[in-house]
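Structure record follows, encoded as structure tokens.
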Amino acid sequence: MEQCLTSWSADSWSLFSNPSQTAQSIFFYMQETGCFHTFYPYYTERENLNSFLILHTLSGRGILCCQGQEYELGPGSSFFINCMDYHKYFTPEGSHWDFLWLHFNGSNALGYFMEFTKNGFGILEKQDGAAPSRIESCIRQIMELYSKKDITTEVLSAQLITSILTEFILRRNAGTGSASAAGAHSPDDILIPPGIREAERYINRHFQEPLLLDDLARQLHVSKYHFIREFSRYVGSSPHEYQIELRLSYAKELLKYTDLPVNEIAERCGINQASHFINLFKSREHITPLQFRKSWKP
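As numbered in our numbering, the sequence shown has no gaps in its residue numbers, which increase by one up to the final residue, 382.
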């Protein structure tokens with residue numbers, strides 16, 4: 085289902101792509117892109133379209149309705165939606181709305197969208213004084229590539245789409261929705277509260293020991309449930325899941341570089357029962373510890 089009222093100026097334009105079989109098989113690929121200068125009563129309403137949409141506001145004001153909520157879109161704001169879900173966006177009365185947009189798809193597009201929305205849907209807003217958006221820059225580069233298409237266009241476009249999606253996930257995980265001053269990120273750009281960072285370091289040092297969440301929460305002067313929620317928000321996994329990953333990483337190191345029996349490796353990782361360790365390892369790696377060892381030490 086798609087409905088649209090095309091209230092846009094004559095200098096608005098769009099560009100379509102006919103992706104190759106290779107691009108559809110292994111890349112993120114552009115389906116359609118463009119720049120619209122709209123005015124009231126412009127709107128687009130759709131669902132069940134096999135595509136993902138990234139839209140970046142240049143100027144004016146727009147409204148997005150999706151997932152049962154309404155979001156106001158100002159200059160510098162961006163959104164990323166799955167077009168299979170019902171959505172509507174429009175120019176409100178008395179305003180204009182200028183924006184860049186990119187429809188794309190790819191084998192892992194849904195995975196990126198689920199990662200972006202795992203803590204709830206949100207709009208990325210431009211922070212006051214921030215540099216021009218990396219999202220805007222990448223969309224414009226994709227437009228330039230397809231206006232002079234050659235043998236490298238699809239590969240370079242896929243790289244730029246990946247960069248856009250990375251920007252969405254990093255800024256969403258940062259919890260601020262603000263733009264990066266330089267358009268790039270390092271782990272330190274995502275500001276983890278000192279207490280959560282210290283808890284992370286503690287688990288790194290003591291991952292073989294039982295995880296005492298009540299004690300960690302007490303040190304931060306918060307409830308256990310608040311601690312788990314905040315740790316998951318900033319680190320990307322729960323404290324228990326984080327500990328499991330550390331234990332399995334250490335187990336792989338011992339399996340690869342020593343000849344210790346599996347039951348002793350389990351014990352060194354802080355898991356008392358070898359059977360539990362084997363089942364846990366297999367559920368995460370899809371092979372047994374011994375099979376992992378043989379694959380690295382044939």
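In this text, a Cβ means the ideal position worked out from N, Cα and C, and glycines have one as well.
Give the secondary structure of phenylalanine 56 by DSSP, where H, G and I count as helix, E and B as strand, and everything else as coil.
For the chain, the structure presents residues 85 to 382; residue 56 sits outside this window and is missing.
Decide if isoleucine 219 is buried, meaning its Cβ has at least 16 other Cβ atoms within 10 Å, or exposed.
Position 135 of the sequence shown, counting from 1, holds the residue named residue 219. The residue is buried, with at least 16 neighbouring Cβ atoms inside 10 Å.
With DSSP run on the structure shown, which of helix, strand or coil describes alanine 266?
Along the sequence shown, one-based indexing puts residue 266 at 182. A caution first: alanine 266 carries a pLDDT of 33, below 50, which makes its placement in the model too unreliable to give a value.
Using only the alpha-carbon positions, how far apart do isoleucine 276 and asparagine 192 sit?
Reading the sequence shown from its first residue, position 192 is the one you call residue 276. Reading the sequence shown from its first residue, position 108 is the one you call residue 192. Each residue's alpha carbon lies about 28 angstroms from the other.
Quick one: any contact between the stretch 171-190 and the stretch 124-133, if contact means 3 or more CB pairs under 8 angstroms?
yes
Got a sec, what are the start and stop residues for the alpha helix (DSSP H) lysine 232 sits in?
Residue 232 sits at position 148 when you count from the first residue of the sequence shown. No alpha helix (DSSP H) contains lysine 232, which DSSP labels as neither H nor E.
Can you tell me whether tyrosine 196 is buried or exposed? The criterion is at least 16 other CB atoms within 10 Å of its CB, across all chains shown.
In the sequence shown, residue 196 corresponds to position 112, counting from 1. With 16 or more Cβ atoms within 10 Å of its Cβ, tyrosine 196 is classed as buried.
Isoleucine 431, DSSP secondary structure in three states
Residue 431 falls outside the range modelled here, since the chain spans only 85 to 382, and no answer is possible.
For aspartate 234, is the classification buried or exposed, using 16 other Cβ atoms within 10 angstroms of its Cβ as the cut-off for buried?
If you number the sequence shown from 1, residue 234 lands on position 150. The residue in question, aspartate 234, is exposed, as its Cβ has fewer than 16 Cβ neighbours within 10 Å.
Leaving aside the five residues before and after aspartate 273 along the sequence, list all residues of the same chain whose C-beta is less than 6 angstroms from its C-beta, in chain order.
On the sequence shown, position 189 is the one that residue 273 refers to. With a pLDDT of only 42 at aspartate 273, under 50, the local geometry of the prediction cannot be trusted, and no value is derived from it.
DSSP state of glutamine 375, grouped into three classes?
As a position in the sequence shown, residue 375 is number 291, starting the count at 1. Helix, per DSSP.
For a minimum of 4 consecutive residues, which ranges assigned as the alpha helix (DSSP H) are wholly contained in the stretch 91-148?
105-110
Outcome for valine 346 when other beta-carbon atoms lying within 10 angstroms are tallied against a minimum of 16:
Counting from 1 along the sequence shown, the entry for residue 346 is found at position 262. The residue is buried, with at least 16 neighbouring Cβ atoms inside 10 Å.
Boundaries (first-last residue) of the alpha helix (DSSP H) holding serine 307:
Taking the first residue of the sequence shown as 1, we reach residue 307 at position 223. Per DSSP, serine 307 belongs to no alpha helix (DSSP H) and is neither H nor E.
Using the Cβ count rule (16 or more neighbours within 10 Å means buried), how would you classify cysteine 222?
The residue given as residue 222 occupies position 138 in the sequence shown. It counts as buried.
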